[in-house]
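Student: Protein sequences appear in the order of chains A and B.
Each residue of the first sequence is one higher than the one before, starting from 0 at the first, in numbering that gives the first Met the number 0.
Each residue of the second sequence is one higher than the one before, starting from 0 at the first, in numbering that gives the first Met the number 0.
One structure coming up, written as structure tokens, with questions to follow.
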Amino acid sequence: MKKRRTVIRTVILLVLGGAVAYTLYANLTKDNIQKVEIGKMAPDFVLVDREGEQQRLSDYRGEGVFLNFWATWCKPCEREFPYMETQYQRYKDQGVHVLAVNVSESDVAVDKFIERHNLTFPVVIDKDGQVQTAYGINPLPITFLVNPDGEVIKSHTGELTEDKIQEYMELIKP
Amino acid sequence: MNEVKCECGHVNPHGTILCESCGRILDDKEKDKQLLDMRYEGSARRSQTYNKTIIDKIWNFFSSVKVGVWLIVLTLGASALGTILPQEMYIPPVMPASEYYEDQYGWVGKLYYELGLHNMYGSWWYLILIASIGVSLVICSLDRVVPLYRALKTQRVSRHEGYLKRQRLFGISDTADADMDLEKIKQKLKAKRYNIREENGNLLAEKGRFSRWGPYVNHVGLIIFLVGGMLRFVPGMYVDQILWVREGETKVIPGTDGQYYLTNNDFILEIYDKETDDEVFDAAIDRVGTVVKNYQTNATLYQKKGNTIPGEKPELEKIKDKEIRVNEPLKIDGFALYQVDYKRDELNKMLFRLENKQTKESYGNITIDLFDPQTEFDLGNGYYVEVMSYFPDFEFDGEGDPTTKSRIPNNPAFVFNMVTPENPDGEVSFVAIQQTIEPLGDNEYKMAFNGVETKDVSALTVRKDLTLWIISLGGAIFMIGVIQGAYWNHRRLWIRKMDGQIWTAGHTNKNWHGLKRELESVFDETGLPAPKDQLSEDKKE
């Protein structure tokens, strides 16, 4: 009798607790718009870079991709770009690529920015925001590290130091 | 040990106050009272009796009505707090919430923001409060409805004398011909739709028992309502997003997984006009000034064909044209798009004229698309303008360099290089709204402002709600429970023969006046007096 009571009560409390826990979990994760999961395949995309060449993420299979989302008005983005450039020069022959995705700005703003900072890695503009939606981009800058198998192994929100960039490039070196 | 055996032979659960079968008083404390506490029929509310394991302790906490009431009071208080200042989702997107509240409401706003009240209804503690009310509802109900059901189901016709004489309506009378009187009473009770059970010449008449389940039906409705609310968090069940789309622009509809696109062909805002509209509107127009007649977005809906990967231009298939007005949404696939907001006259293009500062002579016009400016303009005859830099939302940064705050052209500024036959290397001019800077000395030419082109932006709410029918169902059951408990009463009459006397007792869960009047008419002309109200007798003394 007493045992039965404890079992019934435990089951009911577990069911109720489960429902509450699920609601809380679902509520907390609904704002977590970052849709890219670590360890999963990076969402593929195709954009044309400023040189007029198609950049398709999956074409880089077998090599590492340092995928950076940025805007010209974003000061931390501007500060980390020179470091990305120097590290790119160092690692591009070792199979690590940099792909900088601008968030829907005008061609002229982006071109002038590239000119000002002498950037040599490919820069693409996500005009209609599809890639940003696929990656769940909100605060900038944000960097995703895609390994040679095309999987996202790490993401970093916020400014990067030169040491960090180098450390990350080592991570995705084939 | 765990069970109580009554003298009548019925075995009651531990903690029972009145025997479920015969009504004999099992708890000695109750014997001193003149009237019985009839709540839950004196059954054993489990929570009141067992308190051994941690499970029991949690159970008992939520089983307490006192705790339930406190949870409701706390939730009410919190909900009220959340309405003092607008919630985050309703503030205009002019600045981040962290600055907005302090900027608008001073230290109160700052505190409000820091306490997290700006986003209260989605906060974990508010959800826990609501969830606790739900848990409390379930456990409170279970803990009461099960013993109550047992007690009402097992009740015997012949109740113990201690039970009868402690009922609020009670009477003893002598009668010459008990059987005839009883027969008359039975007929009258039947006419009043009582269910009558007899046992050894004793009688129990009962009606409206189902009204006792009203509160529990009501709680079931509430719980279904809460489950509906909970389902909104399940992906795909509920979408409530906003889509800002400029005239001429095509955008993906959020929440549809990139399946649907919408073009804003035109945004229309009409106001009532004294000349053309009916004169019944005149008074209102005089009083208020402008009265809006219509907000409308002429939209075209497209569906994406085939699979594309992000960044690829999707192939769109037109589904339909629709004029979206307030309360006339565009509906597709469970989604509804409502007209909700607008922004008029957003800067879209800026027009300039290359002009000689001295002669005021013009050498050609240029039009700059503020969302994607062309960079080179050849005006012919050796006149040439180049856009060297563009700042859509211009400001000077900390070091005095021009920079942009965002990509929205709120305050566009340009650096032009003007090439003329007189200055083949060009003259550099920085042009912002009502501001021209010539960084390399005096120029001969300038870019004179020549007007703007604007576009309206329309905001549509994208809404999908698959939980609505569950919430309505919960609400309907809630109301059924209220009606069931409010418009019916559970009335009982016991008649027992004791040593040549007739004992009568009556009980109802509410509306004692109604029961007394009903019993008076039942006992009228029978020779037996109706049971008296022991409470009002006390008052008279």
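Just so it is clear, CB atoms sit at the ideal spot from N, CA and C, and this is done for glycine as well.
Scan the stretch 397 to 410 of chain B for residues whose Cβ lies nearer than 7 Å to a Cβ of chain A and list them as they occur along the chain.
Tutor: Residues passing the 7 Å Cβ filter: 402, 403, 404, 405 and 406.
Student: Does the beta carbon of residue 32(A) sit closer than 8 Å to a beta carbon anywhere in chain B?
Tutor: With a pLDDT of 49 at residue 32(A), under the threshold of 50, the modelled position of that residue is not reliable, and the figure given next carries that caveat. Closer than 8 Å: no.
Student: Could you please give the first and the last residue of the uninterrupted beta strand (DSSP E) stretch that includes residue 13(B)?
Tutor: First-last for residue 13(B): undefined, no H or E at that position.
Student: Indicate the three-state DSSP secondary structure (helix, strand or coil) for residue 32(A) in the structure shown.
Tutor: Any answer about residue 32(A) is weak, because its pLDDT of 49 lies below 50 and its placement is not dependable; what the coordinates show is given next. Residue state, collapsed to three classes: coil.
Student: Going along chain A in order, which residues have a C-beta closer than 7 Å to the C-beta of residue 311(B)?
Tutor: Chain A residues near residue 311(B): 45.
Student: Cβ of residue 60(A) less than 8 Å from any chain B Cβ?
Tutor: No, residue 60(A) does not count as interfacial toward chain B.
Student: In chain order, what residues of the stretch 130 to 144 of chain B put their CB closer than 9 Å to some CB of chain A?
Tutor: Those would be 130, 131, 133, 134, 137, 138 and 141, in chain order.
Student: Of all the options 170(B), 260(B) and 96(B), which has the alpha carbon lying nearest to the alpha carbon of residue 519(B)?
Tutor: Comparing Cα positions, the closest option is 170(B).
Student: In chain A, what lies closer than 7 Å to residue 371(B) by C-beta?
Tutor: What residue 371(B) touches in chain A: 105 and 106.
Student: For residue 112(A) and residue 278(B), what's the separation of their Cα atoms in angstroms?
Tutor: Residue 112(A) and residue 278(B): Cα-Cα distance of roughly 59 Å.
Student: Which partner residues of residue 280(B) appear in the DSSP bridge assignment?
Tutor: Beta-bridge pairing links residue 280(B) to no other residue.
Student: Where DSSP assigns a beta bridge to residue 367(B), which residues make up the other side?
Tutor: According to DSSP, residue 367(B) bridges with 349(B).
Student: Please classify residue 516(B): does DSSP put it in a helix, a strand, or coil?
Tutor: Residue 516(B): helix per DSSP, three-state reduction.
Student: At what residues does the beta strand (DSSP E) containing residue 494(B) begin and finish?
Tutor: From DSSP, the beta strand (DSSP E) with residue 494(B) extends over 490 to 497.
Student: Under 7 Å Cβ-Cβ, which residues of chain B neighbour residue 89(A)?
Tutor: The contacting residues do not exist; residue 89(A) stays about 28 Å from chain B at best.
Student: Between which two residues does the beta strand (DSSP E) harbouring residue 267(B) extend?
Tutor: Its beta strand (DSSP E) spans residues 259 to 270.
Student: Buried or exposed: residue 395(B), going by 16 or more other Cβ atoms within 10 Å of its Cβ?
Tutor: Looking at its Cβ environment, which holds fewer than 16 other Cβ atoms inside 10 Å, residue 395(B) is exposed.
Student: In the DSSP assignment, what residue or residues form a beta bridge with residue 412(B)?
Tutor: Its beta-bridge partners are 390(B) and 431(B).
Student: Which residues mark the beginning and the end of the alpha helix (DSSP H) in which residue 75(A) is found?
Tutor: First-last of the alpha helix (DSSP H) with residue 75(A): 74 to 90.
Student: Inspect the beta-carbon positions of residue 9(B) and residue 21(B) and report whether they are closer than 8 Å.
Tutor: Cβ distance < 8 Å, so residue 9(B) and residue 21(B) count as in contact.
Student: In the DSSP assignment, find the unbroken alpha helix (DSSP H) run with residue 103(B) in it and report its ends.
Tutor: Counting along the chain, the alpha helix (DSSP H) containing residue 103(B) begins and ends at 96 to 113.
Student: Going by DSSP, what residue range makes up the alpha helix (DSSP H) through residue 217(B)?
Tutor: Where residue 217(B) is concerned, the enclosing alpha helix (DSSP H) stretches over 213 to 230.
Student: Can you give the Cα-Cα distance for residue 250(B) and residue 66(A), rounded to whole angstroms?
Tutor: Near 25 Å, if we compare the C-alpha coordinates of residue 66(A) and residue 250(B).
Student: Could you confirm whether any beta carbon from chain B is found closer than 8 Å to the beta carbon of residue 159(A)?
Tutor: Closer than 8 Å: no.
Student: Of the choices 78(A), 110(A) and 8(A), whose alpha-carbon is the least far from that of residue 48(A)?
Tutor: Closest by alpha carbon: 110(A).
Student: Given 8 Å as the limit, is there contact between the stretch 159 to 167 of chain A and the stretch 131 to 141 of chain B, that is, 3 or more CB pairs closer than that?
Tutor: Contact between the stretch 159 to 167 of chain A and the stretch 131 to 141 of chain B is absent, because fewer than three Cβ pairs lie under 8 Å.
Student: Relative to the alpha-carbon of residue 485(B), which residue among 211(B), 499(B) and 183(B) has its alpha-carbon at the smallest distance?
Tutor: For the residues 211(B), 499(B) and 183(B), the minimum Cα distance to residue 485(B) belongs to 211(B).
Student: Mind listing the chain A neighbours of residue 66(B)? Cutoff is C-beta to C-beta under 8 Å, in chain order.
Tutor: Chain A residues near residue 66(B): none, gap ~15 Å exceeds 8 Å.
Student: In chain order, what residues of the same chain have a beta carbon less than 8 Å from the beta carbon of residue 539(B), not counting five sequence neighbours either side?
Tutor: With a pLDDT of 47 at residue 539(B), under the threshold of 50, the predicted position of this residue should be treated as unreliable, though the coordinate-derived value follows. Counting only Cβ-Cβ distances below 8 Å, and skipping sequence neighbours, we find nothing.
Student: Just the Cα atoms here: how many angstroms apart are residue 403(B) and residue 316(B)?
Tutor: Straight-line Cα distance between these residues: approximately 37 Å.
Student: How long is the line joining the alpha carbons of residue 149(B) and residue 19(B), rounded to whole angstroms?
Tutor: Between residue 149(B) and residue 19(B), the C-alpha separation is close to 8 Å.
Student: Sort 195(B), 141(B) and 358(B) by Cα distance to residue 12(A) and report the nearest one.
Tutor: It is 141(B).
Student: Which residues, taken in chain order from the stretch 354 to 386 of chain B, show a beta carbon closer than 9 Å to some beta carbon of chain A?
Tutor: Cβ contacts with chain A come from 368, 369, 370, 371, 372, 373, 374 and 386.
Student: With distances taken from CA atoms, which of 464(B), 369(B), 351(B) and 456(B) is nearest residue 295(B)?
Tutor: Ranking 464(B), 369(B), 351(B) and 456(B) by Cα distance to residue 295(B) puts 456(B) first.
Student: Using the Cβ count rule (16 or more neighbours within 10 Å means buried), how would you classify residue 123(B)?
Tutor: Counting Cβ neighbours within 10 Å, residue 123(B) comes out exposed, since fewer than 16 surround it.
Student: Just list the residues that DSSP pairs residue 106(A) with in beta bridges.
Tutor: In DSSP, residue 106(A) forms no bridge with anything.
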